[in-house]
């Protein structure tokens, strides 16, 4: 995360007293969100994925099964340690890094922004989406998934985040899910609406 958007040490304090502060492993909201997230990815397999804010690696574990190589980051060292332990033999590269910091010179065909973007201010978030477009291969997938309710500590809501994503040049929306709690949007790095799964497989 950008250190300018949240108080210094915010995430370190969250993990200092709890290995799973957001209850990724036990809450039905989290389990259901992961299932929806994985189902909404339009491709069965990706060459190189990127998951900023991976936390303890619960979603990472599922993404790793769909990627040849997956780069995952967090700014909390304790969270990264837990993720490394969870994914010892997986094709995953872990880095201490946060959104709002400079991106490496590398491209991906999948970027997943799950429950991370509402920690940023508007200017930082716009830059993140612009960077995502720059680092997505043509036709690559960007998936955003966020909690919709107001959290006093967070600069933005999930609705704010997804509105900005839809305003970003170079992204074409291809799938959308919403309920009272959750938003998931899938975009392609394209100026045209990408073909559907059925079209790709010759079913229509």
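In the working numbering, the protein residues as written are 2 to 205.
Glycine included, each C-beta is placed from N, C-alpha and C at the ideal position.
From residue 196 to residue 139, what does the alpha carbon distance come to, in whole angstroms? 13 Å
Is DSSP giving residue 50 helix, strand or coil here? strand
Tell me which residues share the same chain as residue 22 and place their Cβ nearer than 8 Å to its Cβ, disregarding the 5 neighbours each side in the sequence. 15 and 16
Top-ranked residue by Cα proximity to residue 103, from 171, 132 and 33: 132
Buried versus exposed, by CB contacts within 10 Å (16 or more), residue 29: exposed
Cβ contact check for the segment 76-87 and the segment 116-131: 3 or more pairs under 8 Å: no
Buried or exposed, going by whether 16 or more other CB atoms sit within 10 Å of the CB of residue 97? exposed
Close-in-space but distant-in-sequence residues of the same chain around residue 126 (CB under 6 Å, 5 per side omitted): 118 and 165
Give me whichever residues DSSP pairs with residue 113 in a beta bridge. 144
DSSP bridge partner residues for residue 188 (one or two, in chain order): 143 and 174
With DSSP collapsed to three states, give me the class of residue 18. coil
Identity of the residue in 34, 11 and 13 nearest residue 181 by Cα: 34
Is the beta carbon of residue 64 sitting closer than 9 Å to the one on residue 25? no
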